[in-house]
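Below is one structure, written out as structure tokens; comments come after it.
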Amino acid sequence: NREKRKEVTQFFSYIEMINTKLKPVLPSLREKKRYLVFEVVSKEKINDAEQVSNAIWNASLQFLGQLGAAKAGIIVLNNKWDPKLQKGIMRVSHKHVDAVKAALIFADKIDNKDVIFRSLGVSGILRKAENRFLKAAA
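For the numbering used here, add 19 to where a residue sits in the sequence shown, where the first one is 1.
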């Protein structure tokens, strides 16, 4: 009877442990990010955001290396790619914005088409980046 009771209490303590939420990370300890808005200049339009993302990632690996690209924390927001304006947004660590801008220079081909990446601006808030740089020209 004691063993059964012990098993039941262990089970419920395990369930309680699962249901407890982790404390959120303090803002001062979070990784600070910036949203870099870029434009792709080419003769033909690029419709696939995944191809743009791959070109950016390959260029950053070429310029920064694996460790540098990992530290930069590059995340291309594929859902923010605008095929009409040929503009997009990527998220970058605040310390590596300049390095990522430099890495964009090395992205010169997408699907065997010559392209040029232009940095349009940087913001700490996604909505501001969209309003200032994506929707301003529209």
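For glycine and all other residues, C-beta sits at the position ideal for the given N, C-alpha and C. Keep in mind that this is a model prediction, so the values were computed, not measured.
* residue 56 - DSSP class collapsed to helix/strand/coil -> Here residue 56 corresponds to residue number 37 of the sequence shown, with the count starting at 1. Reduced to three states, the DSSP call for residue 56 is strand.
* Starting from residue 142, follow the beta strand (DSSP E) in both directions and report where the run begins and ends. => Walking along the sequence shown from the start, residue 142 turns up at place 123. Looking at the DSSP string, the run of the beta strand (DSSP E) that includes residue 142 is 132–142.
* Alpha carbon to alpha carbon, what distance is there between residue 27 and residue 190? -> The structure shown has nothing for residue 190, since the chain only spans 20 to 157.
* To do: Find out if the Cβ-Cβ distance for the pair residue 78, residue 31 is shorter than 8 Å.
  => The residue given as residue 78 occupies position 59 in the sequence shown. The residue given as residue 31 occupies position 12 in the sequence shown. No, these two residues do not count as a Cβ contact at 8 Å.
* To do: Tell me whether residue 63 is buried or exposed, calling it buried when 16 or more other Cβ atoms sit within 10 Å of its Cβ.
  => Looking up residue 63 in the sequence shown gives position 44. The residue is exposed, with fewer than 16 neighbouring Cβ atoms inside 10 Å.
* **Beta-ladder partner(s) of residue 110, from DSSP** => Translated into positions along the sequence shown, residue 110 becomes position 91. Paired residue(s): 54 and 94.
* Candidates 138, 105 and 102: which alpha carbon is nearest residue 111's? -> Counting from 1 along the sequence shown, the entry for residue 111 is found at position 92. Selected option, being the one with the closest Cα: 138.
* Rounded to a whole number of angstroms, what is the C-alpha to C-alpha distance between residue 133 and residue 65? -> To locate residue 133, count along the sequence shown from 1; it is residue 114. To locate residue 65, count along the sequence shown from 1; it is residue 46. For residue 133 and residue 65, the distance between alpha carbons rounds to 11 Å.
* Asked: Which value, in whole angstroms, describes the spacing of the CA atoms of residue 145 and residue 25?
  -> By one-based count along the sequence shown, residue 145 stands at place 126. By one-based count along the sequence shown, residue 25 stands at place 6. When rounded, the distance between both Cα atoms is 52 Å.
* Asked: At which residues does the alpha helix (DSSP H) containing residue 122 begin and terminate?
  -> In the sequence shown, counting from the first residue as 1, residue 122 sits at position 103. Unbroken alpha helix (DSSP H) run through residue 122: 116–123.
* To do: Would you check if the distance between the CB atom of residue 107 and the CB atom of residue 71 is smaller than 8 Å?
  => Within the sequence shown, residue 107 is the residue found at index 88, counting from 1. Within the sequence shown, residue 71 is the residue found at index 52, counting from 1. It is a contact, given that the beta carbons lie within the stated cut-off.
* Asked: Where DSSP assigns a beta bridge to residue 128, which residues make up the other side?
  -> One-based indexing of the sequence shown puts residue 128 at position 109. Answer is 133.
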